[in-house]
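Participant: Protein chains in written order, with my numbering: chain G, 720 to 1275; chain D, 225 to 591. Idealized CB from N, CA, C, for every residue including glycine.
1. Out of D:329, D:358, D:356, D:363, which has the shortest C-alpha to C-alpha gap to residue 347 (chain D)?
2. When the Cα atoms are used, what is the spatial distance from residue 809 (chain G) to residue 779 (chain G)?
3. Nearest CA to the CA of residue 1262 (chain G): which residue from G:1164, G:838, G:793?
4. Would you mind telling me which residues of chain D sit closer than 7 Å to residue 747 (chain G), beta carbon to beta carbon, in chain order?
5. Taking the Cβ atom as the reference point for each residue, do residue 410 (chain D) and residue 468 (chain D) lie within a distance shorter than 8 Å?
6. Starting from residue 1238 (chain G) and walking both ways along the alpha helix (DSSP H), at which residues does that stretch end?
7. Is it true that the stretch 442-455 of chain D meets the stretch 513-532 of chain D, where meeting means three or more beta-carbon pairs spaced less than 8 Å apart?
8. What is the rounded straight-line gap between the Cα of residue 364 (chain D) and the Cα of residue 579 (chain D)?
9. Relative to the C-alpha of residue 967 (chain G), which residue among D:286, D:317, D:566, D:278 is closest?
10. Buried or exposed, going by whether 16 or more other CB atoms sit within 10 Å of the CB of residue 1050 (chain G)?
11. On a CA-only basis, which of G:891, G:899, G:976 is nearest residue 939 (chain G)? Give me that one, please.
12. Could you check if residue 864 (chain G) is buried or exposed, using at least 16 other CB atoms within 10 Å of its CB as the buried criterion?
13. Threshold first: 4 residues or longer. Then list the alpha helix (DSSP H) segments lying entirely within the stretch 319-381 of chain D, N to C.
14. At the level of alpha carbons, what is the spacing between residue 570 (chain D) and residue 324 (chain D)?
15. Opposite residue 514 (chain D) in the DSSP bridges: which residues?
16. Can you say whether residue 383 (chain D) is buried or exposed, counting buried as having 16 or more other CB atoms within 10 angstroms of its CB?
17. Measuring only the C-alpha atoms, how far is residue 587 (chain D) from residue 1122 (chain G)?
18. In angstroms with no decimal places, state the Cα-to-Cα distance between residue 774 (chain G) and residue 1096 (chain G).
19. What's the call for residue 274 (chain D), buried or exposed, on a 16-neighbour Cβ count within 10 Å?
20. Listed from N- to C-terminal order along the chain, which residues in the stretch 1079-1091 of chain G have their beta-carbon within a distance smaller than 7 Å of any beta-carbon of chain D?
21. Am I right that residue 815 (chain G) and residue 1036 (chain G) are in contact with their C-beta atoms under 8 Å? What's the rounded C-beta distance?
22. Work out the CA separation of residue 1113 (chain G) and residue 770 (chain G) for me, nearest whole Å.
23. Secondary structure at residue 1016 (chain G), three-state DSSP: helix, strand or coil?
24. Hey, does residue 959 (chain G) have any beta-carbon neighbour from chain D nearer than 8 Å?
25. Does the beta-carbon of residue 493 (chain D) have 16 or more other beta-carbons within 10 angstroms, so that it is buried, or is it exposed?
26. Per DSSP, what are the beta-bridge partners of residue 488 (chain D) in this structure?
27. Helix, strand or coil: how does DSSP classify residue 303 (chain D) here?
28. Residues of chain D with CB under 7 Å from residue 1228 (chain G), in chain order?
29. Please tell me whether residue 872 (chain G) has its Cβ less than 8 Å away from any Cβ of chain D.
30. Please identify, using Cβ separations under 7 Å, the residues of the stretch 421-444 of chain D that lie next to chain G, in order along the chain.
31. Which chain G residues are close to residue 582 (chain D), counting only those with a beta carbon under 7 Å from its beta carbon?
32. Taking all protein chains shown into account, do 16 or more other C-beta atoms lie within 10 angstroms of the C-beta of residue 995 (chain G), making it buried, or fewer, making it exposed?
33. Taking 8 Å as the CB-CB limit, is residue 781 (chain G) close to chain D?
34. Step through the CB atoms of chain D and report whether any lies within less than 8 Å of the CB of residue 1074 (chain G).
35. Taking DSSP's pairing of strands, which residues face residue 308 (chain D) in a bridge?
36. Locate the beta strand (DSSP E) running through residue 467 (chain D), then write down its first and last residues.
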């Protein structure tokens, strides 16, 4: 029922009108910043794609003869499984908390975002530890059943899919939640009055209207899945990313690794393009009417079932790993809570906060720029978000290589020319690290920002302009308030993601700029999971703050 | 609508204020190392006094396993050390990309393959050191002296003492035999430690024979390969399998946590003929001076210090790694595990043949 919100045909002429009206200096500036941002985000991808200039046919031959097809199969199964999982979990939970009333709803409303702060590999490790052969669950079962008990191997495809879906569903949940929140009850009530059942309303009205948000969330989850190495490595489940790292670290062939990575990007680009063309020219705007909400009460057993469902998700995706982490922290003692720990903590917060704000600003520019562009040029803006699907280390190296190029060919000659002895280079500077963050997380911010910008009916800012508001006024008093849920969602996502980020931080951090995630890496890469528990738990707890803040802001 | 705008403005303003404060703070913090850097670029006349010197290290050895050594070195020499840690691959790529602009003086890795690769890529400088020639055996250093091992990591067998008698065990190769069907646990072939092991097997017995052995291992696996050595040992202790191949320091760490586990070390390939007696497979953690280094003398001084008794003992205590020099006395803990003969093949072979080893393991389906 997108027709409900789709624009009548004559609106396209108004679009042209809007464009001609808006060719003001401010708009031009914003557009150029947007273009530059996207260019910067594309550069690392181009650096990686440039690997096709070298001939790596022996590696390809080897891969085709041995693993390539099973890796492709695994990757496709994983992506399909995780997509199904995150959409089912994310949409159903968002629907329950926004549209229904059940025991504990107010708690779940924010609590269900918490798994976002849980690094995927931590959940993978905990799940394996608890449910594996030597773990407590199977040990207990064996104790009860006795000799006849046959061990179940949890290191299976199904478990990997479930783990990744549990970690990544908050992307869909958060985006679908803000989409449902911004849907007016009027539309839904109208549909009900016209005779649609509750299920029909859900599938034919609410779901199609939330489609851009759900797709944006699912895309993020898919890209994270493709880029994931930590969680699949815990299960020794080989994906395309495994082949990339194997070529790089095992065969010492970074060119072949880059070729594989760029192929991965091509698939993602094609998938996104396919979705965009399927969506066509439909627009997903809302009426500007004042929203009011009527929550459908789930009474009796149905309410408790809804509650139990939310509990189960929260239990496995968040409470279980937190309990295990707490237990490890307890075992290790609190000797590690020292000055150094607080240094890690403050740098993590610092980098997270600056990077989040910078990235949101950039994403806003990109989204505005994209909106004012038509046709084929729009895909240019979408290119900037592709890097997110690349395995972290590969993208980090792409970023590092492009920065090193700038250092070598621009900064060093410049310093030489100015006869400056101390050479401050981009690689290894705070600025370089921040730039790396917004290159990497532009996609994360772009999703929610662009989705909420798309849902603003363009007649609203036009009305403001025709009433004499300057473009600054329009931005400050019209766009910003209406974009608020999307911006806050983006802010939370980027903040949490930056804090969890490892590969780019590892490679590009200035000396001494270790973060909590670095500490987690150092410990886990040596297999010292217990000692990694304190920084990991801290990351999870900091992740709570923006989640809670965002909720207080967006609660109505 | 009005109050919403106000709260938003407050939020945005406070965020802006935070960012401004934070940026200024970041600049402030940054200026501290800057001033040190200026002293670093001072001409060499002043460099005679080591106090003003500073070394930059790219380390694949993790912070908690290297920082105590840096601190001790600084304490003794007054040479300050700045470092970043990361995996070898990204560090090497960065070193290469930075070229002569690289601030790095030293590269430290935790396996020989990557040192060999770094030398191939031309980012390490040839050095000369009598101290290192005396302390580090020839098979644990580069022929052109571009890198030296600073510690030894032994990859040996661990067995379940309730289910296996040590006399049943003999060599890595024997684990491919029928006796061990369904009783073997291995870590994933994606870990460089296993790649080195197979690479040295290729070096000593040829590719064909090595492929048969590894294929036999895969056939004997009790379960899919595990993601780390500790998981392998836990599976052996839980009875999922009887024997596995792991690095000794993981064993040391696990037994410290849980001394009751029915696990014991077995040193394979100690006797017999041909490659049966080549000794336990070892890999090394090592260091090399970078070509871009402007402080080569101090960088080499650091490696020499690392090979000295004090640093060697710190590494034994930190991570139960074996010393490179026979002159260093083993700690009680390491001595308790027994003496063993180590494979004397040049560890650079592990790098040279690593790609072949990876391909071999792919061919036989060792995941």
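Facilitator: On the basis of the coordinates in this document:
1. In the second chain, the residue the question calls residue 347 (chain D) occupies position 123. Ranking the options by Cα distance to residue 347 (chain D), first place goes to D:329.
2. Walking along the first chain from the start, residue 809 (chain G) turns up at place 90. Walking along the first chain from the start, residue 779 (chain G) turns up at place 60. Taking the straight line from one Cα to the other gives about 38 Å.
3. Translated into the one-based positions of the first chain, residue 1262 (chain G) becomes position 543. Measuring from the Cα of residue 1262 (chain G), the nearest candidate turns out to be G:838.
4. For the purposes of this step, residue 747 (chain G) is taken as residue 28 along the first chain, with counting starting at 1. The premise fails here: residue 747 (chain G) is roughly 24 Å from chain D at the closest Cβ pair, so nothing lies under 7 Å.
5. Against the second chain, residue 410 (chain D) aligns to sequence position 186. Against the second chain, residue 468 (chain D) aligns to sequence position 244. Yes, Cβ-Cβ distance for residue 410 (chain D) and residue 468 (chain D) is below 8 Å.
6. Residue numbering aside, residue 1238 (chain G) sits at position 519 when the first chain is read from its first letter. Where residue 1238 (chain G) is concerned, the enclosing alpha helix (DSSP H) stretches over 1235-1243.
7. no
8. For the purposes of this step, residue 364 (chain D) is taken as residue 140 along the second chain, with counting starting at 1. For the purposes of this step, residue 579 (chain D) is taken as residue 355 along the second chain, with counting starting at 1. Going by the C-alpha atoms only, they are around 20 Å apart.
9. The residue you call residue 967 (chain G) lines up with position 248 of the first chain. Checking every option, the nearest Cα to that of residue 967 (chain G) belongs to D:317.
10. The residue given as residue 1050 (chain G) occupies position 331 in the first chain. Residue 1050 (chain G) is exposed by the Cβ-count criterion.
11. By one-based count along the first chain, residue 939 (chain G) stands at place 220. Residue 939 (chain G) has its Cα closest to that of G:891, out of G:891, G:899, G:976.
12. Residue numbering aside, residue 864 (chain G) sits at position 145 when the first chain is read from its first letter. So residue 864 (chain G) ends up on the exposed side.
13. 336-344, 354-359
14. Against the second chain, residue 570 (chain D) aligns to sequence position 346. Against the second chain, residue 324 (chain D) aligns to sequence position 100. Straight-line Cα distance between these residues: approximately 30 Å.
15. If you number the second chain from 1, residue 514 (chain D) lands on position 290. In DSSP, residue 514 (chain D) forms a bridge with D:348.
16. As a position in the second chain, residue 383 (chain D) is number 159, starting the count at 1. The residue is buried, with at least 16 neighbouring Cβ atoms inside 10 Å.
17. Here the question's residue 587 (chain D) lines up with position 363 in the second chain. Here the question's residue 1122 (chain G) lines up with position 403 in the first chain. Using only the alpha carbons, I get a separation of about 38 Å.
18. Numbered from 1 along the first chain, position 55 holds the residue referred to as residue 774 (chain G). Numbered from 1 along the first chain, position 377 holds the residue referred to as residue 1096 (chain G). Distance between the alpha carbons of residue 774 (chain G) and residue 1096 (chain G) is about 32 Å.
19. Start at 1 with the first residue of the second chain, and residue 274 (chain D) comes out as number 50. For residue 274 (chain D), the predicted structure reports a pLDDT of 45, less than 50, and the residue's modelled location is therefore unreliable. A value from the coordinates is still provided. Under this definition residue 274 (chain D) is an exposed residue.
20. none
21. Position 96 of the first chain, counted from the first residue, corresponds to residue 815 (chain G). Position 317 of the first chain, counted from the first residue, corresponds to residue 1036 (chain G). Not really, about 16 Å apart at Cβ, beyond 8 Å.
22. Position 51 of the first chain holds residue 770 (chain G). Position 394 of the first chain holds residue 1113 (chain G). Computed Cα separation, rounded: 12 Å.
23. The residue labelled residue 1016 (chain G) in the question sits at position 297 within the first chain. It is a strand residue.
24. Against the first chain, residue 959 (chain G) aligns to sequence position 240. No, because no Cβ of chain D sits closer than 8 Å to the Cβ of residue 959 (chain G).
25. Position 269 of the second chain holds residue 493 (chain D). Result: buried.
26. Working through the second chain from its first residue, we reach residue 488 (chain D) at position 264. Answer is D:383, bridged to residue 488 (chain D).
27. The residue you call residue 303 (chain D) lines up with position 79 of the second chain. In this structure, residue 303 (chain D) counts as coil in the three-state DSSP scheme.
28. The residue labelled residue 1228 (chain G) in the question sits at position 509 within the first chain. What residue 1228 (chain G) touches in chain D: 308.
29. Translated into the one-based positions of the first chain, residue 872 (chain G) becomes position 153. True, the Cβ-Cβ gap to chain D drops below 8 Å.
30. none
31. Along the second chain, one-based indexing puts residue 582 (chain D) at 358. Ordered by position in chain G, the residues that pass the 7 Å Cβ test against residue 582 (chain D) are 965, 969, 970.
32. The residue labelled residue 995 (chain G) in the question sits at position 276 within the first chain. Exposed is the call here.
33. Numbered from 1 along the first chain, position 62 holds the residue referred to as residue 781 (chain G). Residue 781 (chain G) counts as touching chain D.
34. Residue numbering aside, residue 1074 (chain G) sits at position 355 when the first chain is read from its first letter. Answer no: the Cβ-Cβ gap between residue 1074 (chain G) and chain D never drops below 8 Å.
35. If you number the second chain from 1, residue 308 (chain D) lands on position 84. Answer is D:282, bridged to residue 308 (chain D).
36. Within the second chain, the letter at position 243 stands for residue 467 (chain D). It spans 467-471 - the beta strand (DSSP E) in which residue 467 (chain D) sits, taken as one unbroken run.
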